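Trainee:
Residue numbers (the numbering used here), protein chains in the order written: chain A, 5 to 328; chain B, 2 to 282.
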């Protein structure tokens, strides 16, 4: 075990911002530089921060109305003719509501549609369980050929939005509603499928996605003060998973905690468990919702109640370390 | 001006192709396929402006989307007979490792197919997307779509029908195969569709009927009229009155042959009603 107070990389919150604004600002940039990019929205333009694109490129913005199934079909059709459609609505209506449309018209048909989903998970807050989807990563990652991305902050969401336009194929891009720490570089080179190692340690691997990445960094600091050093890995791309980065880390540390704002069934944790069980079995703990729906409350209250924060990660690390 | 003898020969040959495809694998959907044979032949031989080489984007040509993908036998036969792939490949319909899947797909790279269909109700939406892409590309060509009448029970269609009119998607001709039948029986008994003409019109479409939906001349004349209606700030709907199983007497006017293949004797009988014209594959 490394000594107490080991020097860690410092990550600074440059000011809280919502990831959905990263999407909106990324789309604005795309609008300027790629004339094939078109945007479709199902009556949530403001919530998805698509107003700027709509204003600057009215001919390439399509208000579909409250008709998500039709939106996915239209997006699939627009690729025939070379357009790169970005659809925008809440994560719940982007996936569960339109699963068969995505399955047949987008995924099976191999269409270059970017399904961009805001308000994912518990942090949607007060609207409650009808809107808080905790199953979308599972739904999307099960579709053959679908790339699944869950970004952690404003800067990363903006970079991811821009990056997926250059990738040919269906993508699910998941982000959220609340203002959260913005700590990744504004000039980052977003590489689909490439994990980002945020901290180096030897005792445990913490693999986090989305809003839980910042929590994992906070947890690593607390653990460091207690003499436990953690590899912290930001998995922004859940599919395809960066197998090699994960294996390299777990071979070093011998145990892993996965953290996500999603059901433990079907999420990042299960993808990591599949990888490890076939290539390098190791003890694992899951920070995730426990096969339950959410409820109304503030984002902080909900993340606390459902055990999705830094202190929950710290406890899971202690538990998994004891199982080594 | 069409050479109707040539087209009629093609219709008969396509019927044989349909029957032989489904008979060989003892599965597939002959009823709806036979009912739309004349429509497909008219569309691909006479009505659509098509480029010689297939590209997915289909720039500067008319595009066709089949929403009711289960009538793949007629689609495959007409695609093969109009040059998209070798007619011999019809031998592989529904077989393992074939490009001719039970329902059409882009997944195996079959030329002529631009979207997977089979799960019903998605084709009008996809067609609207392709029509909007044409407008963005300043491409004056048209989008043709075929959907089943029973298929209109799927709610997504009405989202699409509302959108197309509300947004003046006027480079789109949706044809409804109005045969009045679906798997469980007559549409009027399963879930009545009501007055489709009034419904489409109420949604803001330009609607017309082709009463003789199995008559080549009537289809060609009707579809040409439909084409003239495009570009007029309204999407165009054609209600094509067809007879399921057309051209094989014992398959007509019933839903029994929706998804059932003929046995050896039935095939022989059906083929004898449609003697070889262009040559079997």
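Where a beta carbon is used, it is the ideal one built from N, C-alpha and C, also for glycine.
Remember, it's a predicted structure, so these values are computed and weren't measured experimentally.
For residue 226(B), I'd like the list of residues in its chain whose CB is within less than 7 Å of its CB, leaving aside the five on either flank, ordered along the chain.
Mentor: Counting only Cβ-Cβ distances below 7 Å, and skipping sequence neighbours, we find 209.
Trainee: Look up residue 17(B) in the DSSP assignment and give the residues it is bridged to.
Mentor: Beta-bridge pairing links residue 17(B) to no other residue.
Trainee: Tell me which residues share the same chain as residue 245(A) and place their Cβ nearer than 6 Å to its Cβ, disregarding the 5 neighbours each side in the sequence.
Mentor: Contacts found: 275.
Trainee: From what residue to what residue does the beta strand (DSSP E) around residue 121(A) run?
Mentor: Run containing residue 121(A): 118-122, per the beta strand (DSSP E) assignment.
Trainee: Could you tell me how far apart the beta carbons of residue 186(A) and residue 157(A) are, in whole angstroms, since I believe they sit closer than 8 Å?
Mentor: Right, their Cβ atoms sit about 5 Å apart.
Trainee: Enumerate in chain order the residues of its own chain whose CB-to-CB distance from residue 31(B) is below 6 Å, with the five nearest sequence positions on each side excluded.
Mentor: Contacts found: 19, 23, 258.
Trainee: Taking Cβ positions only, does residue 228(A) come closer than 9 Å to chain B?
Mentor: It does not: the Cβ of residue 228(A) has no partner Cβ on chain B nearer than 9 Å.
Trainee: Taking only the alpha-carbon atoms, compute the straight-line gap between residue 249(A) and residue 159(B) and give it to the nearest angstrom.
Mentor: Using only the alpha carbons, I get a separation of about 48 Å.
Trainee: In chain order, what residues of the same chain have a beta carbon less than 6 Å from the beta carbon of residue 232(A), not counting five sequence neighbours either side?
Mentor: So the qualifying residues of the chain are 207.
Trainee: What number of angstroms, rounded off, separates the C-alpha of residue 171(A) from the C-alpha of residue 271(B)?
Mentor: Distance between the alpha carbons of residue 171(A) and residue 271(B) is about 50 Å.
Trainee: For residue 145(B) and chain A, any beta-carbon pair shorter than 9 Å?
Mentor: Residue 145(B) does not count as touching chain A.
Trainee: Output needed in chain order: residues of the region 128-156 of chain B with a Cβ under 7 Å from some Cβ in chain A.
Mentor: Residues passing the 7 Å Cβ filter: 128, 129, 130, 131, 133, 134, 135, 137, 138.
Trainee: Please state whether DSSP places residue 62(A) in a helix, a strand or coil.
Mentor: Reduced to three states, the DSSP call for residue 62(A) is helix.
Trainee: Would you kindly work out how many angstroms separate the C-alpha atoms of residue 22(A) and residue 73(A), rounded to a whole number?
Mentor: So the two alpha carbons sit approximately 27 Å from each other.
Trainee: Using a Cβ-Cβ cut-off of less than 7 Å, give me the residues of the region 101-122 of chain A that come near chain B, in sequence order.
Mentor: Cβ contacts with chain B: 104, 105, 108, 109, 112, 113, 114.
Trainee: Using a Cβ-Cβ cut-off of less than 8 Å, list which residues of the region 93-116 of chain B approach chain A; keep chain order.
Mentor: Per Cβ criterion, the list reads 106, 107, 108, 115, 116.
Trainee: Leaving out the 5 sequence neighbours to the left and right, which residues in its chain are closer than 6 Å to residue 88(B) when beta-carbon positions are compared?
Mentor: Once the five neighbours on either side are set aside, the close Cβ partners of residue 88(B) are 81, 282.
Trainee: Output needed for residue 252(A): all residues of its chain with C-beta closer than 8 Å, excluding positions within five of it in sequence on either side, in chain order.
Mentor: Within the same chain, residue 252(A) has no close Cβ partners at all.
Trainee: For residue 44(A), which residues does DSSP report across the bridge?
Mentor: DSSP, once it has assigned bridges, lists 66(A), 91(A) as partnering residue 44(A).
Trainee: What residues in its chain sit with their C-beta under 6 Å from that of residue 232(B), if we drop five residues either side in the sequence?
Mentor: Counting only Cβ-Cβ distances below 6 Å, and skipping sequence neighbours, we find 171.
Trainee: Indicate the three-state DSSP secondary structure (helix, strand or coil) for residue 234(A) in the structure shown.
Mentor: Note: residue 234(A) maps to strand in three-state DSSP.
Trainee: So, is residue 250(B) buried or exposed, given that buried needs 16 or more other C-beta atoms within 10 angstroms?
Mentor: Burial call: exposed.
Trainee: So the candidates are 161(A), 267(A), 182(A), 139(A); which of them puts its Cα closest to the Cα of residue 95(A)?
Mentor: It is 139(A) whose Cα lies nearest to the Cα of residue 95(A).
Trainee: Residue 260(A) lies in the beta strand (DSSP E); which residues open and close that run?
Mentor: Taken as a continuous stretch (DSSP letters only), the beta strand (DSSP E) holding residue 260(A) covers 260-267.
Trainee: CA-CA distance, residue 326(A) and residue 235(A)?
Mentor: For residue 326(A) and residue 235(A), the distance between alpha carbons rounds to 17 Å.
Trainee: Exposed or buried, which one is residue 235(B) when buried takes at least 16 other CB atoms within 10 Å?
Mentor: Buried is the call here.
Trainee: Under a CB-based cut-off of 9 Å, is residue 118(B) close to chain A?
Mentor: Yes, its Cβ sits closer than 9 Å to a Cβ of chain A.
Trainee: Residues in the region 71-100 of chain A with C-beta within 9 Å of chain B's C-beta atoms, listed in sequence order?
Mentor: So the list reads 71, 72, 73, 74, 75, 76, 77, 78, 79, 80, 81, 82, 83, 84, 85, 86, 87, 89, given in the order they occur along the chain.
Trainee: Can you round the beta-carbon distance between residue 93(A) and residue 46(A) to whole angstroms, since I take them to be within the 8 Å contact cut?
Mentor: Right, the Cβ-Cβ distance comes to about 4 Å (below 8 Å), so this counts as a contact.
Trainee: What three-state label does DSSP hand residue 209(B) in the structure shown?
Mentor: In this structure, residue 209(B) counts as strand in the three-state DSSP scheme.
Trainee: What's the C-alpha gap between residue 7(A) and residue 328(A)?
Mentor: Reliability of the predicted coordinates at residue 7(A) is poor, the pLDDT of 47 falling under 50, and the value obtained from them is presented with this limitation in mind. Distance between the alpha carbons of residue 7(A) and residue 328(A) is about 19 Å.
Trainee: Under the rule that 16 or more other beta-carbon atoms within 10 Å means buried, what is residue 285(A), buried or exposed?
Mentor: By the 10 Å Cβ count, residue 285(A) comes out exposed.
Trainee: Could you check whether the Cβ of residue 329(A) sits closer than 9 Å to any Cβ belonging to chain B?
Mentor: Chain A is shown from 5 up to 328; residue 329(A) falls before or after that span and cannot be answered.
Trainee: Since residue 164(B) meets chain A, which of its residues come closer than 8 Å, beta carbon to beta carbon?
Mentor: The contacting residues are 68, 69, 71, 74, 78.
Trainee: Output the boundary residues of the alpha helix (DSSP H) element that contains residue 305(A).
Mentor: Looking at the DSSP string, the run of the alpha helix (DSSP H) that includes residue 305(A) is 303-309.
Trainee: Output needed for residue 149(A): all residues of its chain with C-beta closer than 7 Å, excluding positions within five of it in sequence on either side, in chain order.
Mentor: Counting only Cβ-Cβ distances below 7 Å, and skipping sequence neighbours, we find 111, 114, 173, 174.
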